[in-house]
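I have placed the structure first, in the form of structure tokens, so that the comments after it can refer back to it.
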Amino acid sequence: EGKEETNIILEALTNKDVFFLLSFSGNNSFVNNFALKLKAKGITIISINLAGNNELSSISNFNIPFYSHSIVI
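The sequence shown lines up with residues 42 to 114 when you count with the numbering used here.
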């Protein structure tokens with residue numbers, strides 16, 4: 042699901058574009074495969090995902106990490 046939409050987006054983008062990707066874990070295979078396709082086209086990737094070592098942050102040109110804490114109610 043979403044494969045057709047990502048292909049449409051990839052066709053429209055050029056290496057002058059910047060693309061933001063958001064992922065909680067940074068290890069979602071669909072998002073990371075899309076990121077690799079963006080990178081292959083020379084598109085700058087800025088990712089926002091959970092702080093720590095993850096695949097998306099290593100693929101991205103720039104990464105904005107965030108922290109998450111559990112709250113027990």
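Positions of the beta carbon are idealized from the N, C-alpha and C atoms, including for glycine.
Buried/exposed call for residue i, threshold 16 Cβ in 10 Å
{"i": "ILE100", "result": "buried"}
{"i": "GLU52", "result": "exposed"}
{"i": "GLU96", "result": "buried"}
{"i": "GLY83", "result": "exposed"}
{"i": "VAL113", "result": "exposed"}
{"i": "PHE107", "result": "exposed"}
{"i": "LEU77", "result": "exposed"}
{"i": "VAL72", "result": "buried"}
{"i": "SER70", "result": "exposed"}
{"i": "SER64", "result": "buried"}
Contacting residues, own chain, Cβ-Cβ under 6 angstroms from residue i (five flanking each side not counted)
{"i": "ASN102", "result": "THR85, ILE86"}
{"i": "LEU54", "result": "ILE84"}
Coarse secondary structure for residue i, derived from DSSP in three states
{"i": "THR55", "result": "coil"}
{"i": "SER88", "result": "strand"}
{"i": "SER99", "result": "helix"}
{"i": "ASN69", "result": "coil"}
{"i": "ILE50", "result": "helix"}
Cut-off 7 angstroms between Cβ atoms - residues of its own chain near residue i, not counting five sequence neighbours on either side
{"i": "ASN127", "result": "Outside the modelled stretch of the chain, which goes from 42 to 114, sits residue 127, for which no answer is possible."}
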